[in-house]
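Structure first, commentary second.
Residue numbers (my numbering): 321 to 940.
Now the structure itself:
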């Protein structure tokens with residue numbers, strides 16, 4: 321049974337295709353269009369999925385959209401009615417779009433699919449599961465568990481903003497839902513906005529900024545108290561109530577009432593790109609702590625309702641790997657599976673799987689060990705001929721090494737010398753994380769690596785941490801974690817034995833001085849609070865990447881390297897060899913390795929300075 325899943329029109333459009341429950345291909349539209357968080361219909365992603373699978377649209381048993389647009393329209397109308405006359409300007413802006421496009425989504429999907437390839441519309445079977453069911457399906461069905469509690473948390477779907485479900489066999493039962501306008505995702509995004517980052521893009525920056533707050537300080541404690549007494553009410557089951565007089569997202573064109581927030585917290589909204597003050601960092605820490613506490617309450621409630629030993633997580637808030645790490649560390653469940661494409665992109669996969677298991681009632685087989693995500697390597701891959709074609713186009717100079725072990729030895733030598741490498745191998749990752757196939761890599765021991773990567777290669781804020789890729793078998797030796805973390809969705813502390821003692825006056829130092837104090841033997845991946853967003857690399861899942869890190873360990877004694885996504889700030893992760901070469905030449909990367917081809921920056925023809933990434937990409 322062949323099913324195509326689609327998510328589109330809000331942010332992070334994507335497509336995924338399955339055959340008899342097996343995931344064949346999945347990709348976000350942004351990787352093809354080069355527009356970050358592209359929300360348009362995923363023409364290119366659909367085309368890729370169909371070409372990879374070899375299926376025509378007429379062969380598909382169903383095309384499944386990841387939510388119910390009519391329910392969403394009902395929520396929109398009811399919200400404006402309940403808040404009237406507030407929000408009239410937003411109403412006037414939104415309703416024409418709905419009337420013209422989104423109310424007639426079936427026709428729109430049919431018309432867009434006809435641009436992918438000719439097909440018979442009469443044969444097309446269109447299905448529409450609810451948004452949070454798509455999220456729940458994306459987490460439970462690829463998991464190794466026959467039975468599990470499921471938590472989904474995001475901004476908003478149709479009405480639901482969070483859910484607790486129970487998955488068993490091929491079924492998912494929704495046990496509890498939280499409804500709009502009360503939303504953990506929208507609460508976190510409101511702080512993202514107020515602290516000067518872009519909503520639906522900068523939430524991970526807010527999470528990275530939080531450790532610069534001073535834990536246990538009077539101001540952080542005061543901010544936490546203000547959040548939980550003025551902005552929200554938190555119930556024992558993790559559900560929340562948001563005081564709408566402080567927010568504008570329900571009816572307005574902004575997230576918050578800035579005047580009331582300034583009165584509440586004592587400082588105005590931070591302007592984007594401005595310097596960070598300690599009060600900004602302290603507020604970031606406060607909302608992160610509140611988020612973690614809410615997620616822990618939800619996890620306890622899910623455990624109470626289901627009695628399960630397993631937990632599955634999805635939805636945009638499931639990308640908050642610090643909160644995920646807290647749930648793991650508290651040992652509420654024996655094991656956790658988090659969908660690597662937890663946001664709306666993963667809804668395309670969840671929609672397809674929900675149709676297969678729930679609508680068509682196919683049986684499901686699991687072994688409590690192996691997931692069906694295959695490392696999330698579901699995107700395009702490129703042949704040597706395509707790499708050589710790119711090289712010819714740009715008159716690029718390269719060397720080719722047939723033997724992969726020899727190539728890996730060469731890359732390890734370069735990493736040991738402090739070089740930064742663009743690493744482009746195999747199939748592109750599905751989801752927001754680069755997992756060793758579209759990565760920029762460096763030496764985690766190098767004290768200058770974080771600064772070099774942030775300022776000279778990624779061109780992003782200097783405070784942002786970098787993640788480690790570590791051999792799965794070495795993971796517990798380096799980090800305080802006893803489970804694999806293959807998708808960079810769990811945060812764990814660096815082991816005490818690897819840490820350095822901080823200066824006595826550490827919290828009195830300016831922010832930037834704190835940033836560049838060497839905190840461990842692995843300074844490039846140790847965040848300011850001794851944490852790291854871990855990716856454990858499995859030999860069977862990604863043998864080429866595992867071999868590279870294993871050889872690095874043979875040379876240096878450390879089975880760990882820095883891994884950040886292959887892109888510059890504001891750019892989607894690279895997809896094709898052309899994307900990779902352009903990014904390589906626009907930055908201060910030292911080497912580019914694509915398949916078995918090595919490009920040395922010093923040997924390349926001069927790159928036009930008019931070809932500027934800052935012109936092409938809006939800062940996120």
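Ideal Cβ placement from N, Cα and C applies to all residues, glycine included. Being a predicted model, the structure only gives us computed values, none of them experimental.
With contacts defined as CB atoms closer than 7 angstroms, residue 880 and residue 764 qualify as a contacting pair. DSSP places residue 721 outside both helix and strand once states are collapsed to three, so it counts as coil.
The beta-carbon separation of residue 636 and residue 386, rounded to 13 angstroms, does not stay under the 8 angstroms limit for a contact. Around the C-beta of residue 587, fewer than 16 other C-beta atoms lie within 10 Å, and the residue is accordingly described as exposed. DSSP, read as helix, strand or coil, puts residue 547 in helix.
Put simply, the backbone Cα of residue 382 is about 17 angstroms away from that of residue 368.
From the listed residues 322, 479, 441, the smallest Cα separation to residue 396 is found for 479.
Sorting 608, 609, 631, 610 by C-alpha distance to the C-alpha of residue 619 places 631 at the top. Boundaries of the alpha helix (DSSP H) harbouring residue 607: 598–626, taken from the DSSP string.
Annotation: residue 481 is outside any alpha helix (DSSP H); the continuous beta strand (DSSP E) that includes it extends over 480–488. Collapsing the DSSP output to three states places residue 657 in a strand. In its chain, beyond the 5 residues on either side, 621 have a beta carbon closer than 6 angstroms to the beta carbon of residue 557.
Note on the stretch 841–875: whole beta strand (DSSP E) runs with a minimum of 3 residues are 851–857, in chain order. Burial of residue 581 is indicated by the presence of at least 16 other C-beta atoms within 10 angstroms of its C-beta. In the DSSP secondary-structure assignment, residue 348 is bridged to 334. Secondary structure note for residue 795: its alpha helix (DSSP H) is the uninterrupted segment 795–798. Taking 7 angstroms as the cut-off, the beta carbon of residue 670 is found no closer than this to the beta carbon of residue 483. Counting the other CB atoms within 10 Å of its CB gives residue 442 a total below 16, which places it among the exposed residues. Take the alpha-carbon of residue 749 and the one of residue 579: they are about 42 angstroms apart. Judged by pairs of C-beta atoms under 8 angstroms, the stretch 603–618 does not touch the stretch 445–453, as fewer than three such pairs exist. Contact holds between the stretch 689–699 and the stretch 459–466, because three or more Cβ pairs, one in each stretch, are under 8 angstroms apart. Taking all protein chains shown into account, residue 782 has fewer than 16 neighbouring C-beta atoms within 10 Å of its C-beta and is therefore exposed. Where residue 744 is concerned, the enclosing beta strand (DSSP E) starts and stops at 741–744. A distance of 7 angstroms or more separates the beta carbons of residue 644 and residue 526. Listed in chain order, the non-local C-beta contacts of residue 591 below 7 angstroms within the same chain comprise 516, local neighbours out to five positions each way being set aside. In summary, residue 503 is buried, with 16 or more beta-carbon neighbours lying within 10 Å of its beta-carbon over all protein chains present. Counting of Cβ neighbours within 10 angstroms places residue 806 among the buried residues, the total reaching 16 or more. In this model, residue 388 and residue 757 are separated by some 34 angstroms (Cα to Cα). Taking C-beta separations shorter than 7 angstroms and ignoring five residues to either side along the sequence, the partners of residue 857 in its chain run 756, 789, 790, 791, 792, 865, 866, 869, following chain order. DSSP places residue 911 within a strand segment (E or B) once states are collapsed to three.
Annotation: residue 559 to residue 341 spans about 33 angstroms, alpha carbon to alpha carbon.
With contacts defined by Cβ atoms closer than 7 angstroms, residue 717 and residue 924 form a contacting pair. Between the C-alpha atoms of residue 563 and residue 495 there is a straight-line separation of about 25 angstroms. Under DSSP, the beta-bridge partners assigned to residue 339 are 322, 342.
One alpha carbon belongs to residue 616, the other to residue 729, and they sit about 44 angstroms apart. In terms of Cα proximity to residue 328, the closest of 726, 777, 336 is 336.
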